[in-house]
Ligand code: MIC
Ligand code: SF4
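Numbering (the numbering used here), first residue to last: 82 to 722.
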């Protein structure tokens with residue numbers, strides 16, 4: 082039967098399961114990617130598995146998130162990551178070499194292969210025709226150890242592109258348009274596969290902007306075919322041999338087809354505080370802006386920065402606005418330095434940072450109180466910038482550059498066309514900042530700093546649970562809400578006891594103390610609970626605080642897997658029961674183990690009221706086993722024993 086590209090890659094990598102949408106399958110992972118904010122945990126977990134050398138075709142460890150180094154913690158983590166990479170056969174991309182997704186696209190991604198990354202924006206490599214998926218650190222550690230990756234077979238949605246972008250419309254607007262139509266939960270359980278005549282009009286970096294932000298739809302992944310444009314990009318990166326032509330078979334059946342006419346796309350902007358609050362830029366014209374940030378794994382390619390430099394050339398940043406630029410990689414930074422675009426940006430008054438995540442994850446450059454910041458990034462969750470009451474707008478590099486000049490949003494001038502940047506025939510290729518592992522790393526000493534604490538483990542699931550509702554939250558709670566990032570908290574990623582003091586700190590600063598006092602505890606969530614980042618800390622830290630289960634109307638994919646892996650039970654609750662329960666209510670569930678094992682609904686008694694609540698545990702057989710064992714590390718160890 083003719084298949085989609087996604088199905089054909091899955092089929093080539095299938096280890097277990099039937100490929101019916103929604104059913105659990107297991108696939109072989111060819112490459113892994115980790116970054117420093119999730120990577121120390123992933124490497125500690127990999128070490129705990131006791132495998133001497135990674136069993137993938139390629140594993141790369143990047144340092145890009147925790148690069149502020151305001152104390153010894155992050156520097157110690159970098160040293161640990163470098164040494165553990167050398168010991169176990171992992172390539173190490175040094176701090177300063179760039180953002181994992183941008184560097185992976187440039188230097189390592191291979192069309193038709195699978196990539197699992199401990200970062201939600203791993204699907205960026207889908208711009209090259211890879212099946213690239215974000216996951217929690219433990220799932221990536223397991224993949225490094227040669228274990229397959231388990232996921233629900235996604236429904237493959239075809240996005241048919243027609244026409245060509247025109248005027249001020251940019252690749253960013255394509256994905257903002259999808260977010261406008263589908264919302265931040267519209268992609269859960271789906272892969273977005275792009276096809277049609279419009280595909281050939283987009284370069285690989287433009288495609289990568291689109292696949293990157295498929296994460297904001299909640300999608301499992303997003304993918305473009307591997308065509309002549311892919312080949313050109315790989316050739317320019319001196320990697321043409323990695324190319325293979327890839328496309329859906331003629332007559333492939335998509336679960337649904339979404340049509341996008343690129344020529345009808347207009348410049349868009351996502352308003353505070355969600356990436357799906359999308360309106361045309363013209364609707365916010367006149368809004369004064371304090372800061373413009375250009376960068377992040379969404380929009381920091383050579384094409385993006387050259388575009389911004391060309392628009393800024395000869396102008397000075399408006400006096401009310403600051404302009405901050407973080408290039409996506411050292412390759413991008415070096416090339417704009419050599420071709421003069423960097424000089425144009427500096428002359429315009431830009432503040433240029435090192436190639437790293439930087440302001441995207443609140444590592445510096447927080448806007449002023451109540452400030453308006455316009456960013457080419459992918460997430461504008463409340464407080465993520467480091468300023469609780471700032472309003473973050475997400476837009477394209479083209480629009481961001483115009484805002485930097487004018488100090489406010491404006492209807493892009495129709496008379497003036499934005500520059501169209503041609504990609505070079507050859508990028509400057511220099512992998513000097515990637516350290517390849519030695520053939521035999523068994524003598525390498527792994528260096529651990531005092532901030533690196535052992536991973537806490539949970540015991541097996543109890544049979545009777547009496548637990549207190551600690552917090553009730555609404556829909557679309559992000560993992561940034563659960564486990565905030567930023568300059569103060571991120572350096573504690575290797576230290577669960579310390580970082581757990583910040584759980585829910587933006588919503589309820591008393592949460593950690595209350596959780597410890599009332600353990601075991603429950604969290605009551607709405608729809609799409611745990612959307613956004615892949616950070617396992619949003620499960621590990623609540624687990625450390627004694628949270629036993631999360632009761633939610635629905636869950637985001639990666640977070641749900643992380644909860645199970647960490648020994649927290651994700652339970653589905655109806656909207657009516659979510660409404661009815663209150664913080665402080667105590668729920669008692671008997672026969673929990675038997676019900677989870679048999680995949681039966683659970684009845685919880687509300688202690689003291691005589692009321693009951695019906696809960697379901699929607700897990701695969703394998704996940705139920707993991708849940709009973711109290712988490713995936715326990716589960717793997719038990720199997721190994
Ligand atoms: C993010 O964009 O939120 C992050 C930081 O890259 C996370 C990973 C993390 O929390 O370390 C992600 O997207 O998965
Ligand atoms: Fe880094 Fe931001 Fe991309 Fe996350 S979204 S990987 S923090 S640049």
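Virtual Cβ for every residue (Gly too), placed ideally from N, Cα, C. Note that the structure is predicted; figures quoted are calculated from it, not measured.
Per DSSP, the continuous alpha helix (DSSP H) segment holding residue 412 begins and ends at 411-420. Taken from the Cβ of residue 379, at least one heavy atom of the ligand SF4 lies inside 8 Å. In the three-state reduction of the DSSP assignment, residue 463 falls in the coil class, being assigned neither a helical nor a strand state. At least one heavy atom of the ligand SF4 lies closer than 8 Å to the C-beta of residue 614.
Taking 8 Å as the cut-off, the C-beta of residue 201 counts as close to a heavy atom of the ligand SF4. Separation of residue 112 and residue 196 (C-alpha to C-alpha, rounded to the nearest whole angstrom) is 5 Å. One Cα belongs to residue 97, the other to residue 230, and the distance between them is close to 10 Å. Under a 10 Å Cβ-count criterion, residue 88 is classified as buried, with 16 or more other Cβ atoms of the shown protein chains found around its own Cβ. Residue 340 is bridged by DSSP to 241.
In this structure, 612 is the residue among 616, 612, 117 with its C-alpha nearest to the C-alpha of residue 633. Residue side-chain check: residue 488 keeps its Cβ at 8 Å or more from all non-hydrogen atoms of the ligand MIC. Per the Cβ contact rule, the region 170-185 is not in contact with the region 540-551 (fewer than 3 Cβ pairs under 8 Å). For residue 572, the number of other beta carbons within 10 angstroms of its own is at least 16, and it is reported as buried. By alpha-carbon distance to residue 587, the top candidate from 603, 406, 565 is 565. If you check the C-beta of residue 563 against the ligand SF4, you find no heavy atom less than 8 Å away.
If you look at residue 256, you'll find it in the alpha helix (DSSP H) that goes 252-263. Proximity to residue 584 across 601, 527, 521, 563 peaks at 563, based on C-alpha coordinates. Residue 628 holds the alpha-carbon nearest to the alpha-carbon of residue 605 among 628, 621, 591. Comparing alpha carbon positions, the residue from 686, 648, 383, 185 closest to residue 711 is 648. Shown here, residue 641 sits in a helix according to DSSP, grouped into three states. Selection 664, 487, 643 evaluated against residue 552 yields 664 as nearest (Cα-Cα). In this structure, the straight-line span from the alpha carbon of residue 699 to that of residue 154 is close to 39 Å. Beta-bridge pairing by DSSP links residue 697 to 653. Residue pairing by DSSP places residue 374 opposite 405, 456 in a beta bridge.
Remark: the shortest separation between the CB of residue 376 and any heavy atom of the ligand SF4 falls under 8 Å.
Taking 9 Å as the cut-off, the Cβ atoms of residue 438 and residue 407 count as close.
Taking the Cβ of residue 300 as the reference point, every heavy atom of the ligand MIC lies at 8 Å or farther away. With contact defined as three or more Cβ pairs closer than 8 Å, the region 325-345 and the region 361-370 are not in contact. Counting along the chain, the unbroken beta strand (DSSP E) around residue 212 starts and ends at 212-215.
DSSP places residue 361 within a strand segment (E or B) once states are collapsed to three. Non-local C-beta neighbours of residue 384 in its own chain, meaning closer than 8 Å and more than five positions away in sequence, comprise 284, 286, 287, 502, 504, ordered along the chain.
Three or more beta-carbon pairs separated by less than 8 Å are not found between the region 465-483 and the region 136-147, which leaves the two stretches without contact.
DSSP places residue 563 outside any beta strand (DSSP E); the residue lies instead in the alpha helix (DSSP H), whose first and last residues are 560-563. Excluding its 5 nearest sequence neighbours in each direction, residue 703 has C-beta neighbours in its own chain below 8 Å: 105, 231, listed in chain order. For residue 157, the enclosing alpha helix (DSSP H) starts and ends at 153-169.
In this structure, the ligand MIC has a non-hydrogen atom nearer than 8 Å to the beta-carbon of residue 215.
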